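In the numbering used here, the protein residues as written are 12 to 182.
Written out as structure tokens, the structure reads:
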């Protein structure tokens with residue numbers, strides 16, 4: 012009958028005991044987790060941090076001025092999203108303020124790679140054009156004239172909300 016005594020355990024080599032392996036495993040797991048996190052960070056860079064905060068601050072002021080100008084023109088819009096088609100019905104107090112071409116920016120709040128910029132031509136305030144199919148989720152829509160004098164913003168949760176109403180007088 013063989014049994015391991017306390018003396019036999021003390022004479023065993025270090026790699027034959029459990030405690031050294033347990034103590035080695037803790038930092039090893041941390042190193043592996045660090046490498047996995049680094050790989051994830053490199054592969055999924057989202058680019059959300061802006062380098063030039065002063066320039067962005069000035070852009071925000073200009074954006075507010077453009078939104079105010081849209082309000083002064085009395086603009087309102089109805090944006091209809093279909094699978095691969097976009098239709099914008101733009102109205103103004105004075106029809107002379109309706110542009111010949113409309114710039115539509117469709118952006119995803121977190122994935123810049125899915126953003127689209129469309130330039131639509133229109134007649135009597137109705138603008139239509141093709142676009143890439145949008146994935147389900149929240150999307151931001153921005154309407155601007157080609158010279159970027161005014162702008163209006165709206166948002167929708169697709170595919171349930173396919174019509175977005177924008178009214179510059181209420182924003």
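A virtual CB, placed ideally from N, CA and C, is assigned to each residue, including glycine. From a predicted model like this one, the values you see are computed outputs, not experimental measurements.
Checking the sheet assignment: what are the DSSP bridge partners for residue 167? Beta-bridge pairing links residue 167 to 150.
What do you get for residue 138, buried or exposed, if any count of 16 or more other CB atoms within 10 angstroms of its CB means buried? buried
Out of curiosity, what's the CA-to-CA distance linking residue 154 and residue 145? Looking at the two C-alpha atoms, the distance is approximately 17 Å.
Beta-carbon spacing of residue 179, residue 109 below 8 Å: The Cβ atoms of residue 179 and residue 109 lie no closer than 8 Å to each other.
Who are the Cβ neighbours of residue 95 in its own chain at under 8 Å, not counting the five residues just before and after it? 141, 142, 143, 144
Helix, strand or coil for residue 43, going by three-state DSSP, please let me know. Residue state, collapsed to three classes: helix.
Around the Cβ of residue 84, are there at least 16 other Cβ atoms within 10 angstroms (buried) or fewer (exposed)? buried
Who are the near neighbours of residue 149 in its chain, counting only those whose CB is closer than 7 Å to its CB and skipping five residues on each side? 120, 166, 168
Beta-carbon proximity of residue 99 to residue 116, cut-off 8 Å: Cβ distance not < 8 Å, so residue 99 and residue 116 don't count as in contact.
Under the rule that 16 or more other beta-carbon atoms within 10 Å means buried, what is residue 131, buried or exposed? buried
Please classify residue 33 as buried or exposed, where buried requires at least 16 other C-beta atoms within 10 Å of its C-beta. exposed
CB-CB under 8 Å to residue 210, same chain, minus the five flanking residues each way: which ones, in chain order? In the structure as shown, the chain starts at 12 and stops at 182, and residue 210 therefore has no counterpart that could be examined.
Which residue's Cα is closest to the Cα of residue 122: 171, 55, 43? 55
So what does DSSP say about residue 233, is it helix, strand or coil? The structure shown does not extend to residue 233, since the chain is modelled only from 12 through 182, so no value can be given for it.
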